[in-house]
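There are 2 protein chains.
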Amino acid sequence: MALKKSYDLLENVDPWICIASKLSLSIRVVSAIYRKHLKAHNVTMSQLSLLMVIGKHKSLPQSEIGKILKLERSTVTRDLKRMIDQGYFVKKGDKTRQVIYITDKGASYVESIIPDWRAATQEAKTKLGEDGEQALDLVLHKLMG
Amino acid sequence: MALKKSYDLLENVDPWICIASKLSLSIRVVSAIYRKHLKAHNVTMSQLSLLMVIGKHKSLPQSEIGKILKLERSTVTRDLKRMIDQGYFVKKGDKTRQVIYITDKGASYVESIIPDWRAATQEAKTKLGEDGEQALDLVLHKLMG
DNA sequence: TTTATTTAGTTGCATATACAACAAAAGTTT
DNA sequence: AAACTTTTGTTGTATATGCAACTAAATAAA
Chain A
245 MALKKSYDLL
255 ENVDPWICIA
265 SKLSLSIRVV
275 SAIYRKHLKA
285 HNVTMSQLSL
295 LMVIGKHKSL
305 PQSEIGKILK
315 LERSTVTRDL
325 KRMIDQGYFV
335 KKGDKTRQVI
345 YITDKGASYV
355 ESIIPDWRAA
365 TQEAKTKLGE
375 DGEQALDLVL
385 HKLMG
Chain W
245 MALKKSYDLL
255 ENVDPWICIA
265 SKLSLSIRVV
275 SAIYRKHLKA
285 HNVTMSQLSL
295 LMVIGKHKSL
305 PQSEIGKILK
315 LERSTVTRDL
325 KRMIDQGYFV
335 KKGDKTRQVI
345 YITDKGASYV
355 ESIIPDWRAA
365 TQEAKTKLGE
375 DGEQALDLVL
385 HKLMG
């Protein structure tokens with residue numbers, strides 16, 4: 245089972261200096277908190293983000309959604325499709341300039357979820373603490389800036 | 245297209261106070277940096293994490309891997325399977341106590357990737373700045389603690 | 001020691017995500 | 001106006017991920 249050679253780079257590397265790994269780990273911890281609170285609503289954070297972002301504007305061009313959430317076009321197409329099928333959004337417009345509208349069903353749905361979403365956010369904030377929350381804002385600001 | 249009612253909670257909510265959304269956005273930005281640098285190696289960050297973590301220990305019980313990377317058991321099973329199929333790891337042991345070993349092929353592979361991984365990490369660090377990097381460490385520390 | 005419980009791994013199912021290739025529409029150049 | 005370029009949306013393909021249900025093995029309780 246032993247390796248035939250020695251691997252210096254590998255032996256001396258520290259996987260935990262990886263920025264992507266740190267963020268991945270962080271999102272897994274936080275996602276679990278949100279999933280727990282949102283479970284009864286049968287909604288994911290990705291879906292809730294769409295509901296809240298589009299809902300707040302009442303409607304958004306599909307092309308804007310990807311820009312706002314930094315999602316690839318095909319991801320937006322398919323994430324929306326599932327929710328259109330469920331009646332939370334409708335799509336209007338021609339082939340290349342689609343506009344997505346939230347429906348009353350979608351708006352009611354997101355309103356029913358918001359209290360639990362707030363609770364999840366509160367739990368996450370408590371875990372982060374005041375300083376942790378500010379730190380996260382700084383990270384985001386640096387990355388988006 | 246207009247909504248039939250008004251939705252107070254929805255109109256007044258700020259989607260961007262969401263901790264999960266902030267982290268999701270952050271990871272998308274950082275992932276893109278790593279994908280760009282790792283593209284030529286045809287490897288993802290998830291795979292590279294497995295290679296580095298297991299490789300550094302030479303071997304790890306499968307059950308440990310999920311604990312270290314905070315991944316669900318089934319995710320570990322399948323992420324490993326793809327890489328075992330490619331010959332980067334081997335699996336030894338009985339039905340419920342598996343141990344995963346890195347192979348020479350896997351160790352060579354990860355060593356060939358490390359320089360570009362370092363470059364990606366450097367680019368991400370530059371974007372974050374010294375303060376942003378410390379902020380990320382604080383976030384992770386708070387969430388894991 | 002037998003029984004009950006916990007731990008470990010797998011498989012079915014569903015969502016989320018990106019890239020490449022394609023088609024169609026919109027915008028720009030000439 | 002015609003030709004070229006960019007933007008937008010979709011579909012094929014692949015990886016990543018979690019939950020539920022199941023099996024099997026290990027551990028604890030009786």
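Quick mapping for you: the protein sequence lines, in order, are chains A and W. Numbering (my numbering) for the first sequence: 245 to 389. Numbering (my numbering) for the second sequence: 245 to 389. Each residue gets a CB set at the ideal place from its N, CA and C atoms; glycine is no exception. Computed from a prediction, not measured in an experiment: that's the story for all the values here.
Between the Cα of residue i and the Cα atoms of the options, which residue gives the shortest distance?
i, options, result
"Ile271(W)", "His385(W), Met388(W), Tyr345(W), Leu372(W)", "Leu372(W)"
"Pro359(A)", "Ala284(A), Pro259(A), Val257(A)", "Ala284(A)"
"His385(W)", "Leu382(A), Lys386(A), Gly376(A)", "Gly376(A)"
"Arg326(A)", "Ser307(A), Leu313(A), Val287(A)", "Val287(A)"
"Ile263(A)", "Trp260(W), Ala368(W), Lys248(W), Ala379(W)", "Ala368(W)"
"Leu304(A)", "Leu380(A), Thr347(A), Ser268(A)", "Thr347(A)"
"Lys339(A)", "Leu269(A), Ser307(A), His281(A)", "Ser307(A)"
"Thr370(A)", "Lys280(W), Ser265(W), Val383(W)", "Val383(W)"
Rounded to the nearest angstrom, how far is the Cβ of residue i from that of residue j, given a contact under 8 Å?
i, j, result
"Met289(W)", "Ser275(W)", "7 Å"
"Val343(A)", "Gly337(A)", "5 Å"
"Glu255(A)", "Lys300(W)", "7 Å"
"Leu313(W)", "Glu355(A)", "Actually they do not touch by this definition, with Cβ atoms about 36 Å apart."
"Phe302(W)", "Leu247(A)", "In the sequence on display, residue 302(W) carries Lys and not Phe. That pair is a contact at about 7 Å."
"Leu267(W)", "Leu269(A)", "Rounded, the Cβ-Cβ distance is 10 Å, inconsistent with contact."
Less than 8 Å between CB atoms is the rule here; does residue i satisfy it with respect to chain W?
i, result
"Glu374(A)", "no"
"Thr319(A)", "no"
"Asp338(A)", "no"
"Gly299(A)", "yes"
"Arg322(A)", "no"
"Pro259(A)", "yes"
"Ile358(A)", "yes"
"Arg326(A)", "no"
"Ala379(A)", "yes"
"Val274(A)", "yes"
Hey, does residue i have any beta-carbon neighbour from chain A nearer than 8 Å?
i, result
"Ser307(W)", "no"
"Tyr332(W)", "no"
"Arg341(W)", "no"
"Val287(W)", "no"
Which same chain residues end up closer than 8 Å to residue i when comparing Cβ atoms and leaving out the 5 residues on each side of it in sequence?
i, result
"Ile309(A)", "Leu294, Val297, Ile298, Leu315, Val320, Leu324, Ile344"
"Ile357(W)", "Leu282, His285, Val287, Leu292, Leu295"
Please return the same chain residues whose Cβ sits closer than 6 Å to the Cβ of residue i, not counting the five positions on each side in sequence.
i, result
"Asp258(W)", "none"
Evaluate the contact criterion for the region 361 to 371 of chain A versus the region 317 to 324 of chain A: three or more CB pairs, one atom per stretch, below 8 Å.
-> no
Is there contact here, the region 322 to 336 of chain A with the region 291 to 306 of chain W, by at least three beta-carbon pairs under 8 Å?
-> no
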